[in-house]
Amino acid sequence: MRRIEAIDFLRGIAVIGLPLTNLMYMANFTSGSVAPSSQWSDEVISYLADIFAHGKFRTVFSILFGLSLCLLHAKLKEQRGAGIKSRLLILGGIGCIHGFVVWPGDILLNYALSGLLVLSVIRLDTCTLIKLVGCTILIPIGILILLIYQGGEQTNSYHIDLDEIRFSILGLLAFNFENYLSMLVLLPTITLWYVFGLMLIGVLLYRAYWQVNTTLPLWLCVFILIPLSVISSIVARSLFVADYRLIYDLLNWLCAIPLSVALVCIALNYHKAKAFQGTVFSYAGKNSLSLYLMQSVLGVWLFQFAFPTWKIYFTHTDYFLLFISFTTLQLALVWCFYRMSLRGPAEWGIAHCQKYFNRRE
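Following UniProt numbering, the numbering of the sequence shown begins with 1 at its first residue and continues without gaps.
The following block contains the structure:
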């Protein structure tokens, strides 16, 4: 089974858009604080980012990851288990290094473990998978909301610890170690299961399209699911963002699901369209791991070493302008890879590691 260019296209847009929400956490991982501003541009950018960006890119990415696992599972056939598992284990190893050394906001280990869980249930019947989706997505969100209400935690005010303005290399490693360990504690209790549930949605979409030969119609995606996602995010923001920002963030992840499902279904319905074929975005999707790692390395270097004072006064407008610069750099890099028919270094490394493990087997 050949790669689906439309899936790569959507994955490319998702990975290129990640810095829009991640940059502030590369500057200040513990809170992602943004300098206060009364300018209208900051308010507009913050509002639009909340509605159309926060939670959306990662949700699309997670659903596509589950769908891609099914495509890979069908492609490898007789080598299904070993080939996919070795790739996921390599991805998890990269994630551990990335989280401890570069940025504790790593998602790769979570994706690797969630992918292994998906492989363990990929043969279950559709009805059981639907039940799993509901439980693994709604229960973790519900638990977190109850904990936040019980703890009375409200929206964080802007705060920067002056001791964390400038890190030495050893200081950053110690900071990463402490915070990534905290992330690993949450992994098996809440975050792993949520991402697992999103990947199962990808499995269900794969079954609907490739096994049942059906998918959601365009009118349902455009006129029902996407407006439902946007309107529910707007309502949740108006109710919770002032006093309970964390609760809004959790609800916003749920609001992202209809939009993400709609986008994936549209891509599947029109995957043969010329607009998806051979574009820079589809090539970005094929090299998404390299782009993701480059984003965090560059972002951490800028905020922690090159220009550490940026984290003191960067507003939403500043982060957005930096995101535009990141986008331009990524597109230029992907265009060079495309013109020279090169693979991203991370993709090249995983392929060679997998060949090594296959030879040992």
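Ideal placement from N, C-alpha and C gives every residue a C-beta, glycine not left out.
Being a predicted model, the structure only gives us computed values, none of them experimental.
Boundaries of the alpha helix (DSSP H) in which residue i is found, first to last residue
i, result
"glycine 299", "288-301"
"alanine 49", "40-52"
"cysteine 221", "Careful: cysteine 221 lies outside any alpha helix (DSSP H) and carries neither H nor E."
"phenylalanine 29", "That residue, phenylalanine 29, is in no alpha helix (DSSP H); it is neither H nor E in DSSP."
"valine 121", "108-121"
"serine 325", "316-339"
"tryptophan 310", "310-313"
"leucine 12", "According to the sequence as given, residue 12 is glycine; it is not leucine. Unbroken alpha helix (DSSP H) run through glycine 12: 5-17."
"phenylalanine 57", "56-76"
Cutoff 8 angstroms; reference residue i; Cβ partners in own chain excluding five residues on either side
i, result
"alanine 53", "Gly17, Leu20 and Thr21"
"isoleucine 84", "Leu69, Leu72, His73, Leu76, Gly115 and Leu119"
"glutamate 347", "Lys286, Asn287, Leu289 and Ser290"
"alanine 273", "Ala6"
Buried or exposed by the 16-neighbour rule on C-beta atoms within 10 Å, applied to residue i
i, result
"glutamine 330", "buried"
"tyrosine 356", "exposed"
"glutamate 5", "buried"
"arginine 123", "exposed"
"arginine 11", "buried"
"glutamine 304", "buried"
"tryptophan 193", "buried"
"leucine 291", "buried"
"proline 217", "exposed"
"glutamine 295", "buried"
"alanine 306", "exposed"
"threonine 136", "buried"
Own chain partners of residue i with C-beta closer than 6 angstroms, once the 5 adjacent residues on each side are dropped
i, result
"glutamine 211", "none"
"tyrosine 338", "Tyr283"
"leucine 67", "Gly202, Leu205 and Tyr206"
"alanine 208", "Thr214 and Thr215"
"glycine 55", "Asn252, Trp253 and Ala256"
"isoleucine 63", "Leu198, Ile201, Gly202, Ser260 and Val264"
"alanine 14", "Phe57, Val60 and Phe61"
Spatial neighbours of residue i in its chain, beta-carbon cut-off 7 angstroms, leaving aside the 5 residues before and after
i, result
"cysteine 221", "Ala262, Cys265 and Ile266"
"serine 232", "Cys255"
"glutamate 43", "none"
heavy atom of the ligand ADP below 7 angstroms from residue i C-beta
i, result
"phenylalanine 196", "What this structure holds is no ligand at all, so the ligand ADP is not there to describe."
For this session: For the region 131-217, list the beta strand (DSSP E) runs that are entirely contained and at least 3 residues long, ordered along the chain.
Result: none
For this session: With a floor of 3 residues, list each beta strand (DSSP E) that falls wholly inside the region 234-293, ordered by position along the chain.
Result: none
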